[in-house]
Every structure is written in C-alpha cells, then in structure tokens.
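Residue numbers (the numbering used here), protein chains in the order written: chain A, 18 to 322; chain B, 1298 to 1593; chain C, 5 to 336; chain D, 12 to 339.
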C-alpha cells in the first residue's frame, strides 16, 4: 500500500508541475508581459527597470522559479480588467463550481452504477436496450444543448424551475443534472460491461456451486468486483465533470470559476486565466488522489502488498 | 498405422458465420443517421438552397416551413439575419466533418506511433510517453483548451490543436497496452527467432493486429471530436463568425430561445444525431471486430 | 568424437526485480536460470523437464537469443554464440528454430499461412519469391497439410493443423536444431499422438536434433534419450531416460516421477510428498535449493551447495546424499 | 450394476442436453442419452476429449447450464428427480448435498473477500451456523484438509496463499456441509504434476473419509486410473463405454476407448510410432446417422454408418456402444 500511495503522490506532483509549466510558457508566448505591466509611454530605461524588478531579465528557469514561488503564495498578479488579485477572485468563485460538480459527481456515480447493474442483470431485454440507448444518447448530446433544451422546456415553457443564477437549492437542479448526464452514461456503460465480465469468472461459477443465493452473488461478489474498474475511472470522470462545469456555468449563468475564466479569455485577462487554471488543476488533482486512495479500500490486493 | 509423414487431413474448423445474416446485422440506425452528414459534408455547396452567409433582412427569424408563417423557401426557417437555417446546417456539417476527421487522423497517427514505440521498445521512451499520457488523463480537457485559446486565440487552429492534443493520448494509452500484450505473443517471439527486423515485426506482426482497435477508436473519437469542436465553438474559441459551425449556431441561437426556438434546437439536433451515429457505429464495429476496449 | 550440436555450460540468466520505492543498496535479483549445463548430441532428442517456475522457459528464451545471457556459454556445433554480434546471431538463428506450446498465439492471425512459413526465408532475403513458394509447398507436403493451405489464414485451421503449420515454419530455414517448448500440451490426446509421430518422422528424415521442453513426463520419456530435471533454476538430475525415470537419485526427481499418473490402475505407486510452497527465485534457499521441501533434508544441506555428480545408478545428481559412484564405476 | 451398495447416491437415466450455439444459433446436442450411477465412497470418472459433452453432462446434474440449455431424462438423487426440480430447490441442494469444484483452485475464490468469509457462506446458507458455532466449524474444516494455524488463514485473502493452500481451501469449502456427492470438473488440468498428484490425493482422501460419491470429469486417462473405480468414456455426447476401471483398462471393448488408451506414450516402446485416431469428432449440431465414431473408426463396417449401435453388456457391468464390441 505504501508504495501505491507514493506512486500516486508522485503522479499528482508531476501533473501539477507540468500544468504550471504550461501556464508559464503560455504566459510568455502570448507576448512580453512588460507590455501591460509598464506605462505605455515608458522609456527604454524605465522598461529595463520594470524588467529587473520583475526578474524578467533573468534566465528563463529562474523566471519559472519566481513564478512558482509566487504561485505558491497565491500571487498570480491582478486581474487586468478588474484590477483585483486574480487568485482572490477565483477563490471567491470556487465554492460555486465545487458545489455544482460535486453534486453532479454523486448523482452520476450512484445513478450510473445502479443503471449499469440493472442493464447487466437484464441483459438483452428491452430494459437493457433502453438503458443502453439512453447511455449512448447521453454520450452523444452536447451538454450545452441539453441545457438549452432544459431551459426551454422546464424554464420558459413549464416554468417549473429557475434557469439562471445561484440563489437557492432549486437553482442547482437543472445545471447539476445536465452536467451529470454524460458522466452518468459513461459510468453506466462501464458498470454494465464490468458486471458482465465478472459473470464469466470462475469464482462466480464456484459461488453458484456452493448454493449461495443469486442475490448475494450479485450484490456481494459481482458488484464489488465490478466496482474495481469503475472506481479506477471515477477520477477521470471527476475531471470531465469539473471541465464540464465551464460550459454549464455559461448556459445556466452560474457564478463559478468556469464562467469567470471564459470571460477572462474573451478579455485576454491572462492573470485571471492563470489563477483559474491552476486552482482548478489543483482541486482536480487532489480529488483524483482521494479517489485513487479509496481504491485500496475495495481491493485487498492493493491494500496488502 | 504409419500416419507420420502423411497423416490425415483434419477437417478445418467451420469458418465464419454465414454471409446471410450479414446484411441484417449492419448498424442501420447508425448508417441512416450518418448518411446525410456525410453526403452534406462532401457535396454541401451543391445542395445549398441559399448561400449560408447571405444576410436577408426581409426574412428574419422565419419559423420552419410546416409552422404558421413559415415558407417552403426556408424549410427549417431562418435566423435573426434571415439566413437559411438548412443551408447553414449543411455548411456546418462540412466544417464539423473536416475538423473532426482531420483532427482525429492526426491524433491517431501521433498516438499510434507513440503507443507502439512505447509498448514495443519500453525503457525511457515508454516512461516519458506514459508520464505524458498520465498527466493528460488527470487534467480536465477544458483546461487545455483554455490554455491553447489563451495562447493562440480562437479559430480553426485552436480547435484542431485542441483535438490533437486531447486525443493522441487516448490512442497512445490503448495502443501501448495492446502492443505490450502483442509483444509477448508467440508469433512475435518466433518472428525474432526468424531474424525479422524491428520494422518488420512492427509493421507485419503488430500493426495488422492493432487494426481493429484503431478503427474502433477512430470511429468513437470522431464523435467525441465533433462534441469537442461544438463545445469550443460554443464558448467562443472555435470557428468565428461569419463562418459557421454547429456549436456556434447553438450559441448564437441561444439568445433567441423565446422567439425562435428552432435555431438552437435544429443545430443541436444535428450534433447529437451525428455523434450518436458515430457512437452506435463504433459500438457495432467493436462487437463485430471483437476488440476488447473499455467503453469510455 | 563428434561435436555436439548444442553445448550449454553454466548458463545463468538473472533479472533485476523491481525494487521497493526507496530501496538502498543492491537491487534484488531474480535468479531464473542459475548455472545450467547440458549437451545435445547431433540427431538426438534431449528433454528438459520441471514444473512451472523452474526456469525452463527462460532457458529456451536465452537459447533463442530472446534474452541476453547473464553468464555462461552456449556452443552451437562447436561455435560460441552467446557473445556473437548481430550477424553471428542471425546465422545461429537460421540453424535453430522453435515450436511453441500454444498453436493459437504462435501464428500471426493476419498473415497467410504461406507467409508465416516463409518468414525465416523472407528475412534471410536470399531466395526469389518463386523459390519460396516452391519451398512452402514442399513443407506443407512434409507436415501433411493440403496444398491450398498456404493461401488460408490460421483461424481456418484446427489446433492440430496449426501445430503442423508451426512445425513447417520451424523447418523452413533448414535448421539443425528445433526447440520444442511444450509442443503438444494444448492438444487433445488423439491429436497429440499425430504430432509426436510427425516429429519423430521428421527427425529421421532430416537428421534433426530436438530440445524438448515439457512437464508431461510420459511424452519426454517417449521422445528422448537423455533428460534433465530442473528445479528453481538448476538442473538437479540428468542422465538417460532409463536412469532418471526408473531409478531417480535426487529427492526432487524421485518426488516428481512418483507423481506421474499411472498408465494402469494396477501400477499406482506410493507418492513422495513435497511439503511447503516452492521458494521464490528472488531469494532461493542457501545450500541446496530443494532443502525447504526435501523429505530427507539434513542440517548440512543448508550450508553446502551440492554439485552434479555421478551416481551409482548412472545418472548425475546434485544431492549430497545420493549414492556416489566409485572411481572405477566412473571410469567404466 | 457395478455399485457395491444397493442404493446408489445418484442415478442418471437417459440424460439428454441440448444447447444453443451463440455463434449461429444452431442447436447443439451436447449429451445424447447418458446413463450412470455412483454409490457411496465410489468414484466415477467421466472421460473424453474436448467438446465430447463430459462437462455438460456433469453440470447438468445440478443444472448449472446456460439459460438456453434443455435437459431431458431422469436424475435420481436423494429421493427426487433433479431434472424436474426448480432452480430454487436445486440451489438448496448445491453446496449442501452436491458440492462441486472446478479447474483451477487459484481462480476459484473471489479475490476481494477473505478465505474465512467464503468458507462461511455455505455454512451460513445451508446449515444456519453463526457466531461461535460457525467459527468452530470453519476451524474444524481447515484442520480436516490439513491446514495449520487455521485461525490466521481464515483472515487472509486468496492472493496471500500458495496454490497448494488454495487447493485445500477449495476442498474444505466443498465438504463444508457434509455433501453426499462431489463433482470435480477437470480438477487438475491447470496444475503441475506434483500439484496434480496432491490434489487427486486430497479428493481421494475426502471421498474415503466422508463416504462421498465422487464424479471426476477429465480428459486424462491417467487421472482415471489413479483415483476412479468406474469410468464412463464419452464421445460426441454419447457414453461409448462404461464400466469398472480395471475391466476397461484390461480389455477396452469400444474402438475409441482402445485408441485412447493406446495413444498414451507409455503404452508403446520409446521412440516407436504411436497409434493415432484419424480425423476429428463430428459437429454436435449435425450428428451423422449411425455411430458418431464411424468416420474415424478403424473397425468400421457399413452398418455403423446407418444404424445407431445398441449397448452391448459384458460381465462385471462393462458395456460398450458398438456393433462389433463383442468381437475380440
């Protein structure tokens, strides 16, 4: 187990380093930061002073080190448009995004697993067919379109649910369900095929030979074994979900980091983008790590090395 | 009996299932969904009723022909500038197809080469490629897209670059795993014993056996690429007006939800149908070719 | 004295095991093959037997050049090959071919049978396409496959037929030694006999030498003149079939042969039981490797590593307590 | 019959099983009219080559078959006919009165649960054991199959154990509820010679100690000669020969049995040519009229190709399905 944890920690670290390098490189590629840090009519000498002050005259790896140091302190600079610390702005919006994706994560995981199990147990019946069609539809329809249709039907037409903003719990329903759809479809398909896979295992045959009731075989043994591969991809599902919030936030006017970043993108507000990307990356990597570690709880082969 | 040198000729095992059921087992639903997209994608300009970019301010927001106020001249109605929706959808099909196929092909090429090299040679090449794949897998796609968008702005290049950067890793991961297992097969070992070069082993023994996996992956990825393209266009980083793409049409139509519901509805429907078609086709291929793949 | 076709001396193959994360000092080593020696006279069949994990597959892989030798020598027809350059290996490999156990995974599924059989000729690049086709037709005839088999794919054949294809391929570069790694284990009993007969007939016809690897002691006894028994990377006993099978001296060989299923219910012999699990080649026991499971183990076995020595029964065994042959018996 | 006891534990009459082949939907006649019985403490070997229906016949006894399977005939066990019992009733028999073990003990246990947990399942299910009594029985069982320090073993997972240990655990699970019949389906196919001998010995000991009726399905005549009292040779879903092991090894009456025994390398001089059986078994979806072995039989006569041979009985309970069985 110790070795497994170390491996996962290592991977998380590498991921964060790579993303920080990407951000850094992109910030440099997009132009001389001096252009927007110094007054427009600054002289060559003044520019050099600013450069020296910001460390921009140093070699690139020193600059990167400075950048990482700043990032670790939460200093990504001020938003160009709002002239407020970018990190703070993102931090303010983060809870809304986390709330949305977490609820979608829970909904999609639980429903996905339940539907997958049902489809596998009713293999080749109309239930299986319907669930599989639903799943492939869920993986095919763009979430923004589903969102718009939902707004059209439940908001504009039926007027059952609010469609924009984040005021009370009822504001969460449409966005989180829309967001959950794609992930739910993936989890369902994976659960279904994992369940079918376990059905062919020798130990299932042996359990039947022992006279263990079918319900116990399914819910105690097959389900737990099927969850092993499902759990392995939940981390990936979660990053899909966090990514998906960006679009959902736009559709439903949800005040999260995603919308903030897209706005920042349209305004070329680089510090804000950097802070947003870094913070989202960190939260995704952390949650991924948690999911990976929970793997050991299910599978004794990893727990006991 | 001295059946040694001239032993019996065993009966060959019965071949594949008969050809009879073949027509019926084709994925007709998928074919019906994909056929219009492919036809429009290839000969789009020949089929326009109107030029998709011509603004016709006399006919703004016309509903589809079968509704009150619609006209046969604009079968699916018009947008806020009076442009014919059907013609714009056809134009969108072309753009979507080019981007999806082009991006996926480039990604497949990079990913397959990387995956084969990684799985076959192992060592440092493998460590680097695996690490890169790992990093990609644990990051949300949208972050990469935003970073690319931040670096080079919106447009076709951003979409293509995003698709390639996002998808190569999927190929590399799957192909690496398959190559690893193929490498240990008896026939690869025997090819080495027969003095076959690495090139020969990779092209004659490994690549042909990856074919099924590649085809299935490409099919499924085309669907995902269309979705990604639509999403990128939707957040404004993709195809820029006045050119058009399906995602952009949904985005533009979104403002007219209350007055012209058909604008976002039909363009979204086009995306969904196309992706659904490729997904169904891919699933069918996977079963037909019997390649083992996770359903992600 | 004629030069033996294959002479293996003190062959060792160690793998570096994956080390624990922050491991200090030397990396642990898996001693898959640890000092194996044997000789195959030209035109004969030599059998290597042992249970899974004893190192016979690794031995095959090193002999085929699929793994680099850690130390020791492999002499083929008098010439050392283990340190040969690429050209040397190429030459060696055209004289040594192999047939593997699984007839399903040993034929490329997307290649036509003729190309599978011809591959060693194609890579050698010395024959024209027409000559190759003629040669393939000859080979199909030799292994008893129909003429049109060449244009078909492996999946169109049954297990026994595939093994015939594999044998034809092994024969195509006209090798002198064929390494048969469990060649009939995957086949049904009746097909098994056909393939064994074919191998015997080919040996007679072409004067081939065989190295036969198997865990089926009946088959080894049927095919071979000399055999060696492996345990945990070492040969523990070697000699003629008659010596080793009928009067084994090493306790492991005794246990192994006592486990052979009887050909008739009247021939059930008492079995010598082995206790405990097989130790890991990562950390083999000191002294005699078999001592942890040996029914007649003595304290000294932990200290002295026995070498293969001539026994009174005629075989050579690596056991301190096997009755030694006297000097005159050896001379005789 | 061959049984020493008057009342066999299980008696099978005219068993037929047909299955649907997934590939082309054809109906496979996997088992075609099989009769046998096994008494207390006796061991029956069902032997044949791959696809001869031997496993299907054994699994049909407790109806652990694919859903498409159709079973006809009578399976008399414990005063009832298992061929007509409901799946629910069969479940209460499986593991309780009829235990089963399969090919490879290494994969017979669920990797995610402890050995103790998996041993407890049949005890809880069939005997309603719980708490102290359950634990005591678990320990007792592990001791019965020769496992030392059972307390710690119960808490371990399958991946922490050696192959030999798992064999014994599987054996312990099989005898957990004192069954009357144990069916072993290719129990040693995946094993090395010493492991194979050990497993067979374990089965033999369990059968003797507990007076089990044992059915061993195998393709290996050696396994049969090692532990079986009676043997049933199957070919293309039919019992071509049946009888006491010694009688059949001494004087096989059916040409297929003769060929099977002769093709074991032990039977001939080293290096000599082995007798072979030419050709391949028939497709079970399209069985020929007459004797299914006719196409490969060295003793075939015209009649074999058109008329199905009758069972010919011999002294000592041996019987063979062949027109020429009583010729020497």
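Heads up, the beta-carbon is just placed ideally off N, CA and C, and yes, glycines get one too.
TODO: Count the other CB atoms, across all protein chains shown, that sit within 10 Å of the CB of residue 25 (chain D); report buried if there are 16 or more and exposed otherwise.
DONE: Stepping through the fourth chain from its first residue, residue 25 (chain D) is reached at position 14. Residue 25 (chain D) is exposed by the Cβ-count criterion.
Task: Close Cβ partners of residue 266 (chain A) (< 6 angstroms) along its chain, the five nearest in sequence each way excluded - done: Indexing the first chain from 1 puts residue 266 (chain A) at position 249. Excluding sequence neighbours, residue 266 (chain A) sits near 273, 275 and 276.
- [ ] Pick out the complete alpha helix (DSSP H) segments inside the segment 1416-1471 of chain B, 4 residues or longer, and give them in chain order.
- [x] Listed in chain order, they are 1420-1434 and 1438-1449.
Task: Rounded straight-line distance, which links the Cα of residue 1461 (chain B) to that of residue 1435 (chain B) - done: Residue numbering aside, residue 1435 (chain B) sits at position 138 when the second chain is read from its first letter. Residue numbering aside, residue 1461 (chain B) sits at position 164 when the second chain is read from its first letter. Each residue's alpha carbon lies about 17 angstroms from the other.
Task: residue 232 (chain A) versus residue 161 (chain C): straight-line alpha-carbon distance, rounded - done: Position 215 of the first chain, counted from the first residue, corresponds to residue 232 (chain A). Position 157 of the third chain, counted from the first residue, corresponds to residue 161 (chain C). Near 42 angstroms, if we compare the C-alpha coordinates of residue 161 (chain C) and residue 232 (chain A).
TODO: State yes or no: is the beta carbon of residue 32 (chain A) nearer than 9 angstroms to at least one beta carbon in chain B?
DONE: For the purposes of this step, residue 32 (chain A) is taken as residue 15 along the first chain, with counting starting at 1. Chain B places a beta carbon closer than 9 angstroms to that of residue 32 (chain A), counting this residue as a contact.
- [ ] Pick helix, strand or coil for residue 299 (chain A), following the three-state DSSP scheme.
- [x] Position 282 of the first chain holds residue 299 (chain A). The answer is helix: DSSP assigns residue 299 (chain A) an H, G or I state.
- [ ] From the DSSP output, read off the bridge partner residues of residue 22 (chain D).
- [x] Position 11 of the fourth chain holds residue 22 (chain D). According to DSSP, which records beta bridges pairwise, residue 22 (chain D) is partnered with D:48 and D:87.
Open item on the list: Suppose contacts are defined by Cβ-Cβ distances below 9 angstroms. Is residue 1373 (chain B) in contact with residue 1577 (chain B) by that definition?
Closed with: Within the second chain, residue 1373 (chain B) is the residue found at index 76, counting from 1. Within the second chain, residue 1577 (chain B) is the residue found at index 280, counting from 1. No.
- [ ] Please confirm if the segment 277-293 of chain D is in contact with the segment 79-92 of chain D, defined as three or more CB-CB distances below 8 angstroms between the two stretches.
- [x] no
TODO: Report the three-state DSSP secondary structure of residue 1485 (chain B) (helix, strand or coil).
DONE: Indexing the second chain from 1 puts residue 1485 (chain B) at position 188. Residue 1485 (chain B) falls in the helix class under three-state DSSP.
Open item on the list: Just to check my reading of the structure: residue 259 (chain C) and residue 220 (chain D) have Cβ atoms closer than 8 angstroms, yes? What is that Cβ distance to the nearest angstrom?
Closed with: Within the third chain, numbered from 1, the residue matching residue 259 (chain C) stands at position 255. Within the fourth chain, numbered from 1, the residue matching residue 220 (chain D) stands at position 209. About 24 angstroms separates the two Cβ atoms, so there is no contact after all.
Open item on the list: Could you compute how far the alpha carbon of residue 94 (chain C) sits from the alpha carbon of residue 43 (chain C)?
Closed with: Taking the first residue of the third chain as position 1, residue 94 (chain C) is located at position 90. Taking the first residue of the third chain as position 1, residue 43 (chain C) is located at position 39. Rounded to whole angstroms, residue 94 (chain C) and residue 43 (chain C) show a C-alpha spacing of 22 angstroms.
Open item on the list: For residue 1586 (chain B), would you say it is in contact with chain C, using Cβ-to-Cβ distances shorter than 9 angstroms as the test?
Closed with: Position 289 of the second chain, counted from the start, is the residue given in the question as residue 1586 (chain B). Chain C, which has no Cβ nearer than 9 angstroms to the Cβ of residue 1586 (chain B), makes this no.
Task: DSSP-derived helix/strand/coil call for residue 309 (chain C) - done: Counting from one through the third chain, the residue named residue 309 (chain C) turns up at place 305. In the structure shown, residue 309 (chain C) sits in coil (DSSP, three-state: anything other than H, G, I, E or B).
Task: Test item: CB-CB of residue 65 (chain D) and residue 230 (chain D) under 9 angstroms - done: Looking up residue 65 (chain D) in the fourth chain gives position 54. Looking up residue 230 (chain D) in the fourth chain gives position 219. Taking 9 angstroms as the Cβ cut-off, residue 65 (chain D) and residue 230 (chain D) qualify as a contacting pair.
Open item on the list: Taking the alpha-carbon of residue 138 (chain D) as reference, which of A:237, A:294 and A:228 has the nearest alpha-carbon?
Closed with: Your numbering for residue 138 (chain D) matches position 127 in the fourth chain. Ranking A:237, A:294 and A:228 by Cα distance to residue 138 (chain D) puts A:228 first.
Task: the segment 313-333 of chain C in contact with the segment 233-252 of chain C per 3-pair CB rule at 8 angstroms - done: yes
TODO: Would you verify that the beta carbon of residue 69 (chain C) is, or is not, closer than 9 angstroms to some beta carbon of chain B?
DONE: Position 65 of the third chain, counting from 1, holds the residue named residue 69 (chain C). It does; some Cβ of chain B falls within 9 angstroms.
Open item on the list: On the CB-based measure, 16 or more other CB atoms within 10 Å of its CB, does residue 262 (chain A) come out buried or exposed?
Closed with: Along the first chain, one-based indexing puts residue 262 (chain A) at 245. So residue 262 (chain A) ends up on the buried side.
Task: When C:281, C:280, C:303 and C:247 are compared against residue 290 (chain C), the one with the closest alpha-carbon - done: Numbered from 1 along the third chain, position 286 holds the residue referred to as residue 290 (chain C). Looking at the Cα atoms, C:303 is the closest of the given residues.
Task: Element boundaries [alpha helix (DSSP H), containing residue 244 (chain C)] - done: Against the third chain, residue 244 (chain C) aligns to sequence position 240. Here residue 244 (chain C) belongs to no alpha helix (DSSP H); instead the beta strand (DSSP E) covers 238-244.
Open item on the list: With a threshold of 9 angstroms between beta carbons, is residue 25 (chain C) in contact with chain D?
Closed with: For the purposes of this step, residue 25 (chain C) is taken as the residue at position 21 of the third chain. Bear in mind that the predicted position of residue 25 (chain C) carries a pLDDT of just 49, short of 50, making it unreliable; the figure below should be weighed with that in mind. No, residue 25 (chain C) does not count as interfacial toward chain D.
Open item on the list: What residue range does the beta strand (DSSP E) around residue 15 (chain C) cover?
Closed with: For this step, residue 15 (chain C) is matched to residue 11 along the third chain. Unbroken beta strand (DSSP E) run through residue 15 (chain C): 10-20.
Open item on the list: Going by DSSP in three states, residue 325 (chain C) sits in which element: helix, strand or coil?
Closed with: As a first step, residue 325 (chain C) is located in the third chain; it is residue number 321 there, counting from the start. Coil, per DSSP.
Open item on the list: Going by C-alpha to C-alpha distance, which of D:144, D:203 and D:218 sits closest to residue 191 (chain D)?
Closed with: Counting from one through the fourth chain, the residue named residue 191 (chain D) turns up at place 180. Minimum Cα distance to residue 191 (chain D) is reached at D:218.
Open item on the list: With the cut-off set at 9 angstroms, would you say residue 237 (chain C) and residue 281 (chain C) are in Cβ contact?
Closed with: On the third chain, position 233 is the one that residue 237 (chain C) refers to. On the third chain, position 277 is the one that residue 281 (chain C) refers to. Contact flag unset, no.
- [ ] State the Cα-Cα distance for the pair residue 194 (chain A) and residue 139 (chain A), rounded to the nearest angstrom.
- [x] In the first chain, counting from the first residue as 1, residue 194 (chain A) sits at position 177. In the first chain, counting from the first residue as 1, residue 139 (chain A) sits at position 122. Residue 194 (chain A) and residue 139 (chain A): Cα-Cα distance of roughly 25 angstroms.
- [ ] Determine, using beta carbons only, whether residue 1502 (chain B) comes closer than 9 angstroms to chain C.
- [x] Locating residue 1502 (chain B) in the second chain gives position 205, where the first residue counts as 1. With 9 angstroms as the cut-off, residue 1502 (chain B) counts as an interface residue toward chain C.
TODO: Go ahead and pull the three-state DSSP assignment for residue 269 (chain C).
DONE: By 1-based counting over the third chain, the position of residue 269 (chain C) is 265. Helix at residue 269 (chain C).
- [ ] Measure the CB-CB distance between residue 46 (chain C) and residue 211 (chain C) and report whether it falls below 9 angstroms.
- [x] Here residue 46 (chain C) refers to the residue found at position 42 of the third chain. Here residue 211 (chain C) refers to the residue found at position 207 of the third chain. Taking 9 angstroms as the Cβ cut-off, residue 46 (chain C) and residue 211 (chain C) qualify as a contacting pair.
- [ ] Look at the alpha carbon of residue 1409 (chain B) and the alpha carbon of residue 1520 (chain B), and state the distance between them as a whole number of angstroms.
- [x] Along the second chain, one-based indexing puts residue 1409 (chain B) at 112. Along the second chain, one-based indexing puts residue 1520 (chain B) at 223. Approximately 19 angstroms, taken between the alpha carbons.
Open item on the list: With a threshold of 7 angstroms on Cβ separation, who are the neighbours of residue 197 (chain A) within its own chain once the five nearest residues in sequence on each side are excluded?
Closed with: One-based indexing of the first chain puts residue 197 (chain A) at position 180. If we look at residue 197 (chain A) and ignore the five residues flanking it on each side, its Cβ neighbours are 121, 124 and 125.
Task: Beta-carbon proximity check, residue 1449 (chain B) vs residue 1511 (chain B), cutoff 9 angstroms - done: Within the second chain, residue 1449 (chain B) is the residue found at index 152, counting from 1. Within the second chain, residue 1511 (chain B) is the residue found at index 214, counting from 1. No, the Cβ-Cβ distance between residue 1449 (chain B) and residue 1511 (chain B) is not below 9 angstroms.
- [ ] Taking residue 104 (chain A) as the query, report the chain B residues whose CB atoms sit under 9 angstroms from its CB, ordered along the chain.
- [x] Against the first chain, residue 104 (chain A) aligns to sequence position 87. Those within 9 angstroms of residue 104 (chain A) in chain B number zero; the least Cβ separation is about 17 angstroms.
- [ ] State yes or no: is the C-beta of residue 128 (chain A) within less than 9 angstroms of the C-beta of residue 201 (chain A)?
- [x] The count along the first chain starts at 1 and reaches residue 128 (chain A) at position 111. The count along the first chain starts at 1 and reaches residue 201 (chain A) at position 184. Yes, Cβ-Cβ distance for residue 128 (chain A) and residue 201 (chain A) is below 9 angstroms.
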